[in-house]
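Chains as they are written, first to last, in my numbering: chain A, 41 to 211; chain B, 41 to 211.
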């Protein structure tokens with residue numbers, strides 16, 4: 041059974057985080073999440089992702105909710121297991137088999153500092169390596185591992201563009 | 041044999057790309073590349089990465105070279121196989137076994153539009169999924185696949201900080 045995945049982006053700051061959060065949204069969409077929850081309402085971001093959906097298909101959603109705890113609790117109440125991605129977590133190599141058995145996964149990715157409650161209240165703190173790098177990279181590798189690389193082959197419904205066709209056209 | 045990896049970041053723009061390129065550098069470092077080549081000299085970037093090296097160890101290098109062709113040719117002359125990561129490339133799932141046999145790999149990641157010569161002159165154009173997402177994510181997943189997830193467990197020499205020790209301290 042393919043797990044249902046929602047991403048919770050902690051601490052998005054308008055303007056400053058625009059590009060990094062856009063990458064987070066695109067990665068969540070491309071690697072198989074159904075939606076991303078963001079704390080600051082950001083119309084530019086919404087438009088960019090809607091444009092991508094229109095061209096490239098699918099129904100990936102952005103939800104704005106200022107209070108991360110509210111989203112957190114809602115996910116918990118709906119049966120989601122919460123995975124916080126952090127370099128201070130347990131290694132993904134150790135936990136990936138276990139996590140693959142979950143049916144619903146809520147993934148928290150931080151931007152800057154994450155308050156201690158996120159560590160304490162998440163079901164798992166998981167590290168994608170214990171070096172500092174990027175929440176975008178952590179999310180991508182986690183989802184790639186979770187879906188065993190298969191999500192990359194998925195077709196998005198209602199796409200106007202299709203990179204595999206462009207590729208064939210180019211040859 | 042562990043392949044030797046160099047990343048070539050195509051089209052870094054000062055200020056505008058600062059954060060995204062920083063993520064690219066950190067991912068290259070954390071996931072096992074030995075250096076990254078960047079086209080625009082950027083002192084802030086250099087400082088950020090040197091600070092990370094000092095704290096977290098290792099000898100990851102940033103090299104500035106304005107002309108990507110020069111870097112490209114140098115890599116080719118030194119026996120590197122060039123892999124351009126692009127959503128219009130051949131699927132990673134098809135090529136990863138083959139790529140793992142290479143001894144030296146130069147990875148090109150773009151920012152905005154990449155000129156046709158990059159597609160034409162690279163040995164491989166490889167897609168990490170055929171949806172638009174992020175060069176940071178593409179680089180991370182490619183390196184994770186290349187090293188079979190093992191690079192994430194590597195210890196960096198001469199580190200002042202160690203996330204696994206902090207983790208143990210926290211418990």
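All C-beta atoms in this analysis are idealised placements derived from N, C-alpha and C, irrespective of residue type, glycine included.
Which listed residue (the options) has its alpha carbon closest to that of residue i
i, options, result
"residue 181 of chain A", "A:90, A:92, A:132", "A:132"
"residue 103 of chain B", "B:167, B:140, B:65, B:202", "B:65"
"residue 78 of chain B", "B:162, B:101, B:94, B:164", "B:101"
"residue 140 of chain A", "A:80, A:73, A:95, A:188", "A:188"
"residue 118 of chain B", "B:143, B:61, B:99", "B:143"
"residue 184 of chain A", "A:148, A:129, A:136", "A:136"
"residue 80 of chain B", "B:97, B:106, B:159", "B:106"
Under 8 Å between C-beta atoms of residue i and residue j
i, j, result
"residue 67 of chain B", "residue 174 of chain A", "yes"
"residue 121 of chain B", "residue 145 of chain B", "yes"
"residue 167 of chain B", "residue 177 of chain A", "no"
"residue 201 of chain B", "residue 95 of chain B", "yes"
"residue 162 of chain A", "residue 123 of chain A", "yes"
"residue 179 of chain A", "residue 147 of chain A", "yes"
"residue 194 of chain B", "residue 84 of chain B", "no"
"residue 53 of chain B", "residue 171 of chain A", "no"
Short CB-CB distance (under 8 Å) between residue i and chain B
i, result
"residue 172 of chain A", "yes"
"residue 204 of chain A", "yes"
"residue 162 of chain A", "no"
"residue 181 of chain A", "yes"
"residue 184 of chain A", "yes"
"residue 108 of chain A", "no"
"residue 133 of chain A", "yes"
"residue 63 of chain A", "yes"
"residue 192 of chain A", "yes"
"residue 266 of chain A", "Outside the modelled stretch of chain A, which goes from 41 to 211, sits residue 266 of chain A, for which no answer is possible."
"residue 84 of chain A", "no"
"residue 102 of chain A", "no"
Chain A within 8 Å of residue i, Cβ atoms only
i, result
"residue 211 of chain B", "Reliability fails at residue 211 of chain B, whose pLDDT of 45 lies under 50, so the model's placement of it is uncertain and the value that follows must be treated cautiously. Answer no: the Cβ-Cβ gap between residue 211 of chain B and chain A never drops below 8 Å."
"residue 196 of chain B", "yes"
"residue 157 of chain B", "no"
"residue 128 of chain B", "yes"
"residue 73 of chain B", "no"
"residue 52 of chain B", "no"
"residue 119 of chain B", "no"
"residue 66 of chain B", "yes"
Straight-line gap, residue i to residue j (C-alpha atoms, nearest Å)
i, j, result
"residue 82 of chain B", "residue 88 of chain B", "10 Å"
"residue 138 of chain A", "residue 115 of chain A", "19 Å"
"residue 62 of chain B", "residue 86 of chain B", "9 Å"
"residue 157 of chain B", "residue 42 of chain B", "29 Å"
"residue 165 of chain B", "residue 75 of chain B", "21 Å"
"residue 196 of chain B", "residue 169 of chain B", "30 Å"
"residue 207 of chain B", "residue 190 of chain A", "32 Å"
"residue 58 of chain B", "residue 205 of chain A", "33 Å"
"residue 128 of chain A", "residue 50 of chain B", "31 Å"
"residue 199 of chain A", "residue 99 of chain A", "10 Å"
"residue 55 of chain A", "residue 153 of chain A", "18 Å"
"residue 155 of chain A", "residue 160 of chain B", "47 Å"
"residue 60 of chain A", "residue 60 of chain B", "7 Å"
"residue 192 of chain A", "residue 134 of chain A", "23 Å"
"residue 130 of chain A", "residue 97 of chain B", "20 Å"
"residue 90 of chain A", "residue 90 of chain B", "38 Å"
Segment contact, 8 Å Cβ cut-off, at least three pairs: the stretch 46-53 of chain A with the stretch 99-118 of chain A = Because the criterion of three Cβ pairs below 8 Å is met, the stretch 46-53 of chain A and the stretch 99-118 of chain A touch.
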